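Encoded as structure tokens, the structure appears first; notes follow it.
2 protein chains.
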Amino acid sequence: MHEQPSPTHQPLYQQVYRMLLDRLASGDWSPGELLPSETALAQLYGVSQGTIRKALDTMAAERLVVRHQGRGTEVAKHDSERSLFQFWHLYDEDGSRRIPSSKVLECVRTTARAGEARQLNLRRGAPVVRIRRCRYIDGRARIIERITLPAERFPGIESHGKALPNTLYALYQKQYRVTIQTAIEKLRAVKADQNDAESLGIEPTTPLLEIERVALDLEDEPVELRVSRCETNQIHYKNILD
Amino acid sequence: MHEQPSPTHQPLYQQVYRMLLDRLASGDWSPGELLPSETALAQLYGVSQGTIRKALDTMAAERLVVRHQGRGTEVAKHDSERSLFQFWHLYDEDGSRRIPSSKVLECVRTTARAGEARQLNLRRGAPVVRIRRCRYIDGRARIIERITLPAERFPGIESHGKALPNTLYALYQKQYRVTIQTAIEKLRAVKADQNDAESLGIEPTTPLLEIERVALDLEDEPVELRVSRCETNQIHYKNILD
DNA sequence: CAGTGGTCTAGACCACCGC
DNA sequence: CGGTGGTCTAGACCACTGG
Chain A
1 MHEQPSPTHQ PLYQQVYRML LDRLASGDWS PGELLPSETA LAQLYGVSQG TIRKALDTMA
61 AERLVVRHQG RGTEVAKHDS ERSLFQFWHL YDEDGSRRIP SSKVLECVRT TARAGEARQL
121 NLRRGAPVVR IRRCRYIDGR ARIIERITLP AERFPGIESH GKALPNTLYA LYQKQYRVTI
181 QTAIEKLRAV KADQNDAESL GIEPTTPLLE IERVALDLED EPVELRVSRC ETNQIHYKNI
241 LD
Chain B
243 MHEQPSPTHQ PLYQQVYRML LDRLASGDWS PGELLPSETA LAQLYGVSQG TIRKALDTMA
303 AERLVVRHQG RGTEVAKHDS ERSLFQFWHL YDEDGSRRIP SSKVLECVRT TARAGEARQL
363 NLRRGAPVVR IRRCRYIDGR ARIIERITLP AERFPGIESH GKALPNTLYA LYQKQYRVTI
423 QTAIEKLRAV KADQNDAESL GIEPTTPLLE IERVALDLED EPVELRVSRC ETNQIHYKNI
483 LD
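Residue numbers (the numbering used here), protein chains in the order written: chain A, 1 to 242; chain B, 243 to 484.
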């Protein structure tokens with residue numbers, strides 16, 4: 001199934017990748033479900049199995065999909081495992097890491113501030129849900145978080161109130177069909193303000209690591225803004241460059 | 243060229259990858275040089291071109307090698323481009339980044355402290371070279387760095403004194419045949435001490451972003467320890483999770 | 001133009017899973 | 001056991017590079 005050369009020629013396996021991605025984003029298959037087999041997809045799209053394989057391998061590398069020899073290719077699902085390995089960079093001094101517990105301090109519907117609107121690609125004053133929570137590692141408050149969500153993508157999420165689950169990305173995916181695929185983080189060192197100091201039980205002016213994260217869905221639309229402030233005496237942010 | 247199944251069976255393309263990596267590490271080919279063509283390598287190792295391709299694609303993904311259609315496969319070379327894209331995460335507020343200029347404050351041969359020895363996999367008191375330098379963005383001092391090198395891997399490097407070049411990884415590669423392949427960074431927020439404050443022209447106790455980096459060579463041996471302290475009012479550390 | 005890597009195909013055999 | 005993905009091969013054609 002070759003194609004004639006043309007000005008906009010894209011390799012077949014990239015076209016297939018695009019088509020599969022679109023079907024994923026549109027919810028044709030649900031997280032945890034098995035895709036059709038490689039041979040079935042090859043027939044469906046009229047290409048060879050090798051071409052399908054190359055597209056699926058790319059998707060596996062991007063964690064859109066998980067391959068299981070002998071079983072099939074599964075649509076990636078958000079659980080605490082994935083949150084840990086893809087989206088969690090805070091480590092204890094001993095090198096271990098785990099998702100901390102959380103206490104929701106506030107969860108309200110309100111309107112976007114200028115900065116939030118810009119980062120979430122909303123108009124100013126658009127409805128948003130703002131969550132503030134404190135996170136605990138080894139039973140001690142270490143992180144204070146402020147999360148902003150576009151209300152239209154998460155209708156009624158504020159009704160969870162303080163009972164919001166700890167692993168939010170799984171909730172986004174299961175309840176709102178929003179899959180977090182990428183995140184862009186900006187890190188800075190800042191002084192704790194009065195609020196931070198009280199919540200974390202530290203002196204004001206203690207240096208904190210501020211992590212500002214914009215999370216994107218399958219179509220690279222921003223769907224969550226999260227600002228975390230961390231006390232880094234016992235923990236650190238680890239990044240591997242390769 | 244199939245192989246009989248055995249308890250320690252590894253796929254052919256991984257065996258080829260290993261062999262090519264070993265030859266790279268031992269300096270059989272120099273950075274910037276072209277490898278033999280895929281067909282030549284296939285003959286050499288007695289496997290098909292597809293198997294060679296899979297090994298080389300892996301190496302390309304790890305930036306060990308750069309592929310050029312119509313020209314050949316080149317051994318990756320360290321230059322300011324690569325330093326920027328693989329090892330530089332500090333961005334201006336406008337989203338741009340460039341390698342800052344540097345002024346060497348100190349460059350001396352001495353002995354490893356306990357922490358340095360541990361991180362560089364040396365015995366305590368082993369000879370090391372310690373470099374301190376200040377880095378400038380837009381003409382303003384923003385980063386203070388302390389670099390520790392195992393003296394045995396970089397004989398005589400201290401003789402460069404304050405004339406050390408700005409892009410050190412290129413120097414390591416060209417002059418000492420040490421290629422930096424990976425780096426592990428730990429980030430924390432700290433208070434500026436008296437020294438930091440003077441060098442950066444800020445108040446003591448200003449919060450700084452501390453980046454502690456251990457750089458590894460092709461064989462995953464630690465070869466450089468670098469602690470950078472950054473003033474993050476105008477710049478931030480950017481990380482993409484995907 | 002000859003030679004390189006990039007794409008695509010077809011088919012063989014293997015390792016693994018679930019029934 | 002049949003069906004899945006994983007490995008490996010052989011060969012065709014294309015796009016690009018350099019002389």
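Backbone N, C-alpha and C define an ideal beta-carbon position, used for all residues, glycine too.
Just so you know, these numbers come straight off a predicted model, no measurement behind them.
Mark residue 462(B) as exposed unless 16 or more other C-beta atoms lie within 10 angstroms of its C-beta, in which case mark it buried. exposed
Residue 143(A) and residue 135(A) - do their beta-carbons sit closer together than 8 angstroms? yes
Whole-number beta carbon distance between residue 317(B) and residue 277(B), since they are thought to touch under 8 angstroms: 7 angstroms
Whole-angstrom distance between residue 379(B) and residue 466(B), CA atom to CA atom: Going by C-alpha positions, residue 466(B) is about 23 angstroms away from residue 379(B).
Using a 10 Å radius around the Cβ and a threshold of 16 neighbouring Cβ atoms, would you call residue 453(B) buried or exposed? buried
DSSP has residue 236(A) in a bridge; who is on the other side? Answer is 91(A).
Relative to chain B, which residues along the segment 54-79 of chain A have a C-beta separation below 9 angstroms, given in chain order? 61, 62, 63
Can you find the residues in the same chain that come closer than 8 angstroms, C-beta to C-beta, to residue 425(B), ignoring five residues on each side of it along the sequence? Excluding positions up to five away in sequence, the list reads 329, 455, 456, 457, 458.
Are any of the Cβ atoms in chain B nearer than 8 angstroms to that of residue 197(A)? Not closer than 8 angstroms to any Cβ of chain B, the Cβ of residue 197(A) fails to qualify, so no.
Taking all protein chains shown into account, decide if residue 470(B) is buried (16 or more other Cβ within 10 angstroms of its Cβ) or exposed. buried
For a quick check, are the C-beta atoms of residue 477(B) and residue 333(B) less than 8 angstroms apart? yes
Starting from residue 213(A), trace the alpha helix (DSSP H) in both directions and tell me its first and last residue. Counting along the chain, residue 213(A) falls outside any alpha helix (DSSP H), though it belongs to the beta strand (DSSP E) covering 207-216.
is_contact[residue 432(B), chain A] using C-beta, thresh 8 angstroms: yes
Which bits of chain B does residue 207(A) rub up against, with CB to CB less than 8 angstroms? 431, 432, 433, 449, 450
From the beta carbon of residue 183(A), is the nearest beta carbon of chain B less than 8 angstroms away? It does: the Cβ of residue 183(A) has a partner Cβ on chain B nearer than 8 angstroms.
Roughly how many whole angstroms lie between the Cα atoms of residue 205(B) and residue 238(A)? Lying outside 243 to 484, the shown extent of chain B, residue 205(B) is not represented and no answer is given.
Check whether the Cβ atoms of residue 104(A) and residue 164(A) lie closer than 8 angstroms to each other. yes
Give a single yes or no on whether residue 364(B) has its beta carbon closer than 7 angstroms to a heavy atom of the ligand MG. Annotation note on the ligand MG: not contained in the displayed structure, which lists no ligands.
Are the C-beta atoms of residue 240(A) and some chain B residue less than 8 angstroms apart? yes
Which residues in chain A sit within 7 angstroms of residue 478(B), going by Cβ to Cβ distance? Residue 478(B) reaches chain A at 186, 187, 188, counting residues in chain order whose Cβ is nearer than 7 angstroms.
Residue 146(A) beta carbon less than 8 angstroms from that of residue 124(A): no
Per-residue contacts from residue 285(B) into chain A (C-beta, under 7 angstroms): Neighbours of residue 285(B) on chain A: none; closest Cβ ~23 angstroms, over 7 angstroms.
Please confirm if residue 281(B) has its CB atom under 8 angstroms from at least one CB of chain A. no
Give a yes or no on whether the C-beta atoms belonging to residue 117(A) and residue 126(A) are separated by under 8 angstroms. yes
Backbone secondary structure at residue 35(A) - three-state DSSP: coil
Put residue 223(A) into one of helix, strand or coil per three-state DSSP. Look at residue 223(A) here: in three-state DSSP terms it is strand.
For residue 72(A), which beta-bridge partners are listed by DSSP? 68(A)
In this structure, how does DSSP classify residue 159(A) when only helix, strand and coil are distinguished? Residue 159(A) sits in a helix when the DSSP states are folded into three classes.
Rounded to whole angstroms, what is the Cα-Cα separation between residue 80(A) and residue 154(A)? 20 angstroms
Does any C-beta atom of chain A lie closer than 8 angstroms to the C-beta of residue 245(B)? At residue 245(B) the pLDDT is 49, less than 50, meaning the model places this residue with poor confidence; the figure from the coordinates comes in the next sentence. So, not an interface residue.
Is there at least one Cβ from chain A nearer than 8 angstroms to residue 474(B)'s Cβ? yes
Nearest to residue 162(A) by alpha carbon, out of 110(A), 226(A), 99(A), 106(A)? 106(A)
Look at the alpha carbon of residue 166(A) and the alpha carbon of residue 73(A), and state the distance between them as a whole number of angstroms. 28 angstroms
With distances taken Cα to Cα, identify the nearest neighbour of residue 44(A) among 26(A), 231(A), 65(A), 19(A). 19(A)
Less than 8 angstroms between the CB atoms is what I'm expecting for residue 205(A) and residue 447(B), so what's the real figure, rounded? Rounded, the Cβ-Cβ distance is 7 angstroms, consistent with contact.
Under 8 angstroms by Cβ, that's how I've got residue 430(B) and residue 400(B) pegged, so tell me the actual separation to the nearest angstrom. Wrong, their Cβ atoms sit about 29 angstroms apart, outside the cutoff.
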